[in-house]
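Peer 1: In the numbering used here, the protein residues as written are 48 to 146.
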């Protein structure tokens, strides 16, 4: 199942906070557009590229990337992008792709 970007935009438009994989903390999402989800914490701000998130979903569904949120980041870095892998895990868990 592809990542429904219309749903991503609907859910994250205007910003929100989502729980982290480890729990107890949140990831701040500041917005979304057609190409990325924008994130921020007290030390930095960045963007999670739509193409990277979609590639991760495709690999998860092919069984080539783990669905286990705690193990996901290392595999994401190796197979998708070496950028904000833990944040990508939070977003994909929020959409139900990770356990």
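Glycine residues also receive a C-beta, built at the ideal position from the N, C-alpha and C atoms.
To the nearest angstrom, report how far apart residue 76 and residue 102 are at their CA atoms.
Peer 2: Residue 76 and residue 102: Cα-Cα distance of roughly 20 angstroms.
Peer 1: How should residue 134 be labelled, buried or exposed, when 16 other C-beta atoms within 10 angstroms of its C-beta is the threshold for buried?
Peer 2: buried
Peer 1: Among residues of its own chain, excluding the 5 on either side of residue 112, which ones have a beta-carbon nearer than 8 angstroms to its beta-carbon?
Peer 2: 103, 106, 119, 122, 123, 126 and 127
Peer 1: Since residue 96 sits in a beta bridge, which residues does DSSP pair it with?
Peer 2: 83
Peer 1: Counting pairs of beta carbons, one from the stretch 75 to 94 and one from the stretch 129 to 144, are three or more of them closer than 8 angstroms?
Peer 2: Two segments are said to touch when three or more pairs of C-beta atoms, one from each, lie closer than 8 angstroms; by this definition the stretch 75 to 94 touches the stretch 129 to 144.
Peer 1: If you run the structure through DSSP and keep just helix, strand and coil, what is residue 75?
Peer 2: In this structure, residue 75 counts as strand in the three-state DSSP scheme.
Peer 1: So, with DSSP's three-state summary, where would you put residue 133?
Peer 2: DSSP places residue 133 in helix when its eight states are reduced to three.
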